[in-house]
Structures are given as structure tokens and as C-alpha cells.
Amino acid sequence: MCIGELIEKFNNGDINSLGQIYDNVANEIFNYAYGETNSSFISDELVEKTMIDISKNAYMHEGKNSKEWIMKIAKNCLNIIKEENSNIDINIAEQEKAYLLYNSNGFVAAEKKDSILAKCDLPDTKKYIEYHKQKKLKKRVIISVSMMVTIILLLVLPKYIIMIKDYMVAVKYIDKYGLVKDDLSMDEIIELYEVLYNDDLSSDKAIEIIDKSINEASLSGEMIILPENASIEDKFEILKENEYSSEEIRYAYKNNDIFMHETKTVKETTTIEKYVNNELQWTREIEMYCYGYKKWGEDVIFYFTYYPDDIYEPEEVYIMLLDENGNTVWEIRHCEEYSKISIIDILICNDNMVVCSKDNDVHENIISEYDKNGKLIQSNTSIMSFSYDQIIGWHKDKGYAIIKEYENDEIQIIDNYGNVKEEKTLIIENIESLGNIDHLIEFKGEIYISSHINEFNLSNYKDYRGNNFSEEEDPKKRKATTRLYRGDIEAYLWKYNNETKKFEKLYSVKAAKGEELEIIGNNLVWSVIGIENFVNMETNSALFYGDSRVYRYIFNEKMEIKEKIRTETLQRFSENQKES
Numbered sequence: 001m002c003i004g005e006l007i008e009k010f011n012n013g014d015i016n017s018l019g020q021i022y023d024n025v026a027n028e029i030f031n032y033a034y035g036e037t038n039s040s041f042i043s044d045e046l047v048e049k050t051m052i053d054i055s056k057n058a059y060m061h062e063g064k065n066s067k068e069w070i071m072k073i074a075k076n077c078l079n080i081i082k083e084e085n086s087n088i089d090i091n092i093a094e095q096e097k098a099y100l101l102y103n104s105n106g107f108v109a110a111e112k113k114d115s116i117l118a119k120c121d122l123p124d125t126k127k128y129i130e131y132h133k134q135k136k137l138k139k140r141v142i143i144s145v146s147m148m149v150t151i152i153l154l155l156v157l158p159k160y161i162i163m164i165k166d167y168m169v170a171v172k173y174i175d176k177y178g179l180v181k182d183d184l185s186m187d188e189i190i191e192l193y194e195v196l197y198n199d200d201l202s203s204d205k206a207i208e209i210i211d212k213s214i215n216e217a218s219l220s221g222e223m224i225i226l227p228e229n230a231s232i233e234d235k236f237e238i239l240k241e242n243e244y245s246s247e248e249i250r251y252a253y254k255n256n257d258i259f260m261h262e263t264k265t266v267k268e269t270t271t272i273e274k275y276v277n278n279e280l281q282w283t284r285e286i287e288m289y290c291y292g293y294k295k296w297g298e299d300v301i302f303y304f305t306y307y308p309d310d311i312y313e314p315e316e317v318y319i320m321l322l323d324e325n326g327n328t329v330w331e332i333r334h335c336e337e338y339s340k341i342s343i344i345d346i347l348i349c350n351d352n353m354v355v356c357s358k359d360n361d362v363h364e365n366i367i368s369e370y371d372k373n374g375k376l377i378q379s380n381t382s383i384m385s386f387s388y389d390q391i392i393g394w395h396k397d398k399g400y401a402i403i404k405e406y407e408n409d410e411i412q413i414i415d416n417y418g419n420v421k422e423e424k425t426l427i428i429e430n431i432e433s434l435g436n437i438d439h440l441i442e443f444k445g446e447i448y449i450s451s452h453i454n455e456f457n458l459s460n461y462k463d464y465r466g467n468n469f470s471e472e473e474d475p476k477k478r479k480a481t482t483r484l485y486r487g488d489i490e491a492y493l494w495k496y497n498n499e500t501k502k503f504e505k506l507y508s509v510k511a512a513k514g515e516e517l518e519i520i521g522n523n524l525v526w527s528v529i530g531i532e533n534f535v536n537m538e539t540n541s542a543l544f545y546g547d548s549r550v551y552r553y554i555f556n557e558k559m560e561i562k563e564k565i566r567t568e569t570l571q572r573f574s575e576n577q578k579e580s
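Below you can see the structure in the form of C-alpha cells.
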């Protein structure tokens, strides 16, 4: 009779079947333990402990591999015996005696068998019946639950699979157009995708996400130009189509400070480079300090300041025209009779070059005109009776400067002799609403202004101790400060309405500063500086500065955006803010 049948008989109340089980497995258990421990003492103990455990747990036997079930009990018991007898010194002679006792003729002494069986539990038929009753009940419950889960999955899974598929499509669509999906649930993301895809933008959630996405894009350094009073549909189209073309021809310059050990002085040099489709064409080294350049047809004008070794000698301003191959066409020293001159702006008017410069000694403006060959046509000092702020533009066709008066909230136009042209004076109500005016130009008989508005508040930029961030602070703090500052500054393009006598806002770019306006062909070109790189702060006031990328927006005669260019030009942006 097999061991499984003997265990079954024991569970049904047959006491003698336990002895038959002993006869079948005792030698095998002893030999297993001896092979593991080389100790007949432990092997002898294992036979006894295993048989006791078999009698206690027989009711849980389920008739599968009975021998394997018994040996599993033996292995668990052996681990326990090893721990209990780890420090006992066993007599070798006694070990051999016990081993021979079990292995002579493959028979175990009757007195040993009777001793072990006397310690075993009697069969408990009631416990056996109750255990297997519970097992059957548990099996039925598992089957029932499995069937219910299967039915639910069959009903729900297809819908869930469809939902997951819709969610993945929605995420791909939202990410493609740079929409912010943080803190949105799966259902909200799918719902947002559906309203956007079907051009149904009446949803409050869609309006909130689009506006938030435009702000986040701007704060991340992506320049987004928005028309005034743009609808939510317009904003979404701008997000979807916010692509910039690259600049085919560009120039780059880098100023270098070289310390001369022999003379203990600093030598100012400039490295100039020309790129076509981002491929370097040529490089030039010039021993002067460059302040900017202006394209003139196929050529380019650079203007420099030469700093002499002797600090008592005057600084000199030079203007250099380079051809398309980087060769010098001509070089002139600007305003030779002045000792401290700085160039404010260079404009190309009627194929001539107009240079607006300033005498730093007496704070007078100097307006000079040169022809294509670098020959001076005229130069006049503008003596103005009022306090002015800056030259902000130049009338291309009629040849006069446009300046902003500081005290009387006026933009005034002067001729080459400094005379104010009263008929061109603009009295601007609430000029502060335009922000900081950066440039002004007349295009197709209309006047346009580039400006930037900065909602600066120094308290926004203090750390938890109430101190200003300084250049030595943790870069993470500077990065956080930069992000705050980007959120406070915005570039604007304005158009003067001759009927209302007011400036109307046309376009804006978040996280940017308005720059130059220029006319190229029949197009108006507006340049802005995107505040991209880290800005730093100093203590008594906030000095924001950093090299930031220049973007150009090209408008047709109807002031519709014709092209957006993300240039490779990095321009030094700096603005000093004081706490009011």
C-alpha cells in the first residue's frame, strides 16, 4: 500500500497505519539527516520529530506527492534540530552504534519504533473532516470570485483599453503643442484633447490651460508673439504654429580682454565671425573693443572703441565697413575733434549712413552723415533747450532724429541742427503706460514704438532672510530669480492713432525686452531680446544682466506677421532697477 493511502487510513482513524508509514520512511529520513550532518544523534532525533509532525499534520495531507510532503516536513525539522543542538558534542562511538542499529538488514529496532509512535498524536477524524470542508468552501469562493472578475473584465476591459488608447493619443497631441498637463487627471486630459481637437474652445478648462501654457512657454525661454486682444482660438493657433525660421547670414562678435604682463595693461580685442546657414565662413581679429554692427546691403558696418595704453590719452571711436568676405573696405575715426564720444545708434537712410553719437563731456548729441564710401557729408551738434531722455529713432526719408523728452511726456523730432519740428511733436498722455520706450520709427506714414514694461518689485527677489540675491548666491536661487524676472517683463509694439492721438498696442512678447525697429523693403522688422539666460542681482539695487538671444518679427504693410526669425545673435541685456 502506498504512503498516501496509509495517511488517508490514519486520518480515518486507523492507528496502526502510522506504524506502516514509519516502516516506509524511517530509514530514508535517518540516512538523509546523516548525509547532511554526519551525526547519528541528530539523525535519530530527526526520525522521531518528523513522525510526530506527520501525526499532527496528517489532516492537511491532500494526497498529492506524499513522499515529497514527508521529506519537506523532515527538512523543516532538521533546520530546527540543527539550531537546538549546535553546541552539543556527540560521542563518535554512540553515533556509529545508532547508525548500525538503523542500517542492519534495513530494519529499525522494535523498541525504538514503539517509543517514537507512543509520542505521536492519535488520528483526529473530526479535524480532518472540518479542514477539508473549509478547503472545498474556499475553493468554491475562489471559483465564484474568479468568475465574477472574469465577467467584470469582459464588460469593463474593452472600455478601459479604449480609454487608455484615447489617453495616449491625447497626451501625444497635448505634448506636441506644448500644452501644460500637470495636475490633470486622465479624464481631464482626454476631455481637453476632445475640445481642442474639435475646435470647441468654450471650455473654461481649455482657456485656463492655453493661457497657462503660453505663460510657461515664455518663462522657459520660448518667445511667443501675441496680437492685442487675441482670442483663445488665436492663442491656440499661435501655440500650434509657434515655429521660427533660422537666420541665413549672421555675424557674431566676442570681446576679449588680454592682460599684457610686460606693460601691466589690458589689451582690448574683438573676434568677428560670419556664418551662412550656421556654417562659419571667416574669422577676423581686430585690436579694438566692438560695440555693435549694422548690415548694409552685402556689406556690414562694425563700430569700435579703441582704448589706448596711456589712460591720459583720449579714447577713439572707429567705424569699419567690411565686405562679404571680411575684408576692410574703409575705416574712419568718428568725430575726431571730440575726446569722449560714444555711439548711440547707426542707421542706414537713403543709402547713406547716419551716426547718432554723444559727447560724454557736455552731454550733447552729434548727428553725422556718411556716404557709401565713408566720406563725411555733414555733422551737426544738437543743442536742445529741454531735458531729453534718449534718441529713439530716425526718420528715414526726411532725415531727422526722433527723441524722447524726459520732463514733459513728449516725443519730439529735431532736424540735423537741433531745431524742434513742432508739427511732428507728439503729446502723449500717460507716457508711462508705454513703459520704457526703446525705439521709434515711421513706416508707411504711421509711427510705431518698441518698448518694454517691467512690473518690477524688489521684494519678489529676496531670500527667506530678507536679503537680496547676489552673484555669489546658489545658482539655483539665481535661476529662480531669473524666472521671476521673466514673469515681470514684457515687450510691446505700439502704433500711433492720428485720430485718437493715442498709441494702440499691436503685439506683445512675454519675458522679452523691445529693441530696434527697422524698415527692410516693404516690411517693418521688430527686434526683441528674449530674456533666456541667467540674470544676477547685486545688493543696493537689482542689476539684471546676461547674454540673451535676439528674435526678429517681420510685418507686411498691413502689419500682419510675415516671418519669425530666431537669430543666433546673443546681445547683452542689462537693466538696473531700484526699489521705490
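For the sequence shown, the positions run 1 to 580 when the working numbering is used. All C-beta atoms, glycine included, are put in the ideal place defined by N, C-alpha and C.
Can you say whether L493 is buried or exposed, counting buried as having 16 or more other CB atoms within 10 angstroms of its CB? As a working note, residue 493 is residue 493 in the sequence shown. Burial call: buried.
Counting along the chain, where does the alpha helix (DSSP H) carrying M353 start and finish? As a working note, residue 353 is residue 353 in the sequence shown. Note, M353: premise wrong, no alpha helix (DSSP H); beta strand (DSSP E) at 352-359.
Select from K502, K501, L517, G530 the residue whose C-alpha is nearest the C-alpha of D488. Your numbering for residue 488 matches position 488 in the sequence shown. Minimum Cα distance to D488 is reached at G530.
In terms of residues, what are the limits of the beta strand (DSSP E) holding T305? Residue numbering aside, residue 305 sits at position 305 when the sequence shown is read from its first letter. Residues 299-306.
Can I7 and S66 be called in contact, C-beta distance under 8 Å? Translated into positions along the sequence shown, residue 7 becomes position 7. Translated into positions along the sequence shown, residue 66 becomes position 66. In contact: I7 and S66 (Cβ atoms closer than 8 Å).
With a 10 Å radius around its C-beta and 16 neighbouring C-beta atoms as the bar for buried, classify T539 as buried or exposed. As a position in the sequence shown, residue 539 is number 539, starting the count at 1. Low per-residue confidence applies at T539: pLDDT is 44, beneath 50, and the placement is therefore not dependable, though the value from the model is reported in the following sentence. Answer is exposed; the Cβ neighbour count stays below 16.
Going along the chain, which unbroken runs of the beta strand (DSSP E) with 3 or more residues stay wholly within the stretch 178-255? 225-227
Reduced DSSP secondary structure (H/G/I, E/B, other) of N277: Taking the first residue of the sequence shown as 1, we reach residue 277 at position 277. Note: N277 maps to coil in three-state DSSP.
For the alpha helix (DSSP H) that T50 lies in, which residues bound it at each end? In the sequence shown, the residue the question calls residue 50 occupies position 50. Per DSSP, T50 belongs to the alpha helix (DSSP H) from 40-57.
Tell me the rounded alpha-carbon separation between L122 and G35. Looking up residue 122 in the sequence shown gives position 122. Looking up residue 35 in the sequence shown gives position 35. Cα to Cα, the separation comes out at about 31 Å.
Less than 8 Å between the beta carbons of I286 and T269, yes or no? Indexing the sequence shown from 1 puts residue 286 at position 286. Indexing the sequence shown from 1 puts residue 269 at position 269. Contact flag set, yes.
Is it true that the stretch 273-284 meets the stretch 324-331, where meeting means three or more beta-carbon pairs spaced less than 8 Å apart? yes
Would you list the residues sitting across from C290 in a DSSP beta bridge? Looking up residue 290 in the sequence shown gives position 290. In the DSSP output, where bridge partners are listed per residue, C290 has F304.
Expected contact under 8 Å - CB spacing of K205 and E233 to nearest Å: In the sequence shown, counting from the first residue as 1, residue 205 sits at position 205. In the sequence shown, counting from the first residue as 1, residue 233 sits at position 233. Wrong, their Cβ atoms sit about 15 Å apart, outside the cutoff.
Quick one: give me the first and last residue of the alpha helix (DSSP H) that L78 is part of. Mapped onto the sequence shown, residue 78 falls at position 78. Note, L78: alpha helix (DSSP H), 66-84.
Quick one: using the 10 Å Cβ neighbour count with 16 as the cut-off for buried, is C2 buried or exposed? For this step, residue 2 is matched to residue 2 along the sequence shown. C2 comes out exposed.
To the nearest angstrom, how far is the alpha carbon of Y446 from that of D257? Mapped onto the sequence shown, residue 446 falls at position 446. Mapped onto the sequence shown, residue 257 falls at position 257. The identity of residue 446 in the sequence shown is Glu, whereas the question assumes Tyr. Each residue's alpha carbon lies about 44 Å from the other.
Which of helix, strand or coil DSSP assigns to K176: Within the sequence shown, residue 176 is the residue found at index 176, counting from 1. Helix.
So what does R549 bridge to, in DSSP terms? By 1-based counting over the sequence shown, the position of residue 549 is 549. Answer is G530, L570, bridged to R549.
Express the C-alpha separation of S144 and L137 in angstroms, rounding to a whole number. Walking along the sequence shown from the start, residue 137 turns up at place 137. Walking along the sequence shown from the start, residue 144 turns up at place 144. Approximately 11 Å between the Cα atoms of the pair.
If A491 and H452 are in contact, beta carbons under 8 Å, what's the gap, nearest whole angstrom? For the purposes of this step, residue 491 is taken as the residue at position 491 of the sequence shown. For the purposes of this step, residue 452 is taken as the residue at position 452 of the sequence shown. The Cβ separation is near 5 Å, so the contact holds.
Based on the DSSP output, what are the partners of M320 in its beta bridges? Indexing the sequence shown from 1 puts residue 320 at position 320. DSSP lists F302, E331 as partners of M320.
Tell me which same chain residues have a C-beta within less than 6 Å of the C-beta of E4, skipping the five on either side of it? As a first step, residue 4 is located in the sequence shown; it is residue number 4 there, counting from the start. It should be pointed out that residue 4 corresponds to Gly in this sequence rather than to Glu. Counting only Cβ-Cβ distances below 6 Å, and skipping sequence neighbours, we find G63, S66.
Below 6 Å CB to CB, which residues in the same chain sit around T125 once its five sequence neighbours on both sides are set aside? Residue 125 sits at position 125 when you count from the first residue of the sequence shown. Once the five neighbours on either side are set aside, the close Cβ partners of T125 are G13.
Which residues in the same chain have their Cβ closer than 6 Å to the Cβ of I174, if we skip the five residues on either side of it in sequence? Mapped onto the sequence shown, residue 174 falls at position 174. So the list reads K181, once near-sequence residues are dropped.
Could you tell me the boundaries of the beta strand (DSSP E) in which D438 lies? The residue you call residue 438 lines up with position 438 of the sequence shown. Element bounds for D438: 436-443.
Based on the DSSP secondary-structure assignment, which residues constitute the bridge partners of D257? As a first step, residue 257 is located in the sequence shown; it is residue number 257 there, counting from the start. The partner list for D257 (beta bridge, DSSP) reads E268.
Neighbour-count burial assignment, E518, 16 or more Cβ in a 10 Å radius: Translated into the one-based positions of the sequence shown, residue 518 becomes position 518. Answer is buried; the Cβ neighbour count reaches 16.
Close beta carbons around G19, own chain, < 8 Å, minus the five adjacent residues each side: Counting from one through the sequence shown, the residue named residue 19 turns up at place 19. Around G19: K113, L117.
Going by DSSP in three states, D345 sits in which element: helix, strand or coil? Within the sequence shown, numbered from 1, the residue matching residue 345 stands at position 345. Strand, per DSSP.
From E560 to Y306, what does the alpha carbon distance come to, in whole angstroms? For this step, residue 560 is matched to residue 560 along the sequence shown. For this step, residue 306 is matched to residue 306 along the sequence shown. Computed Cα separation, rounded: 42 Å.
Starting from the C-beta of Y464, find all residues in its chain whose C-beta is less than 6 Å away, skip the five residues before and the five after it, and write them out in chain order. Position 464 of the sequence shown holds residue 464. The predicted position of Y464 is uncertain, since its pLDDT is 45 and thus under 50; a value taken from the coordinates is nonetheless stated next. Excluding sequence neighbours, Y464 sits near nothing in its chain.
With a CB to CB cut of under 6 Å and the five nearest residues on each side skipped, what residues in its chain are close to N105? One-based indexing of the sequence shown puts residue 105 at position 105. Confidence at N105 is low in this model, with a pLDDT of 41, below 50, so the placement of that residue is unreliable and no value is reported for it.
F30 versus N16: straight-line alpha-carbon distance, rounded: Taking the sequence shown and counting its residues from 1, the one referred to as residue 30 is at position 30. Taking the sequence shown and counting its residues from 1, the one referred to as residue 16 is at position 16. Roughly 21 Å separates the two Cα atoms.
Round the Cβ separation of E331 and Y318 to the nearest angstrom and send it over; I've been treating them as touching at under 8 Å. Here the question's residue 331 lines up with position 331 in the sequence shown. Here the question's residue 318 lines up with position 318 in the sequence shown. That belief holds up - the Cβ atoms of E331 and Y318 are roughly 6 Å apart, short of 8 Å.
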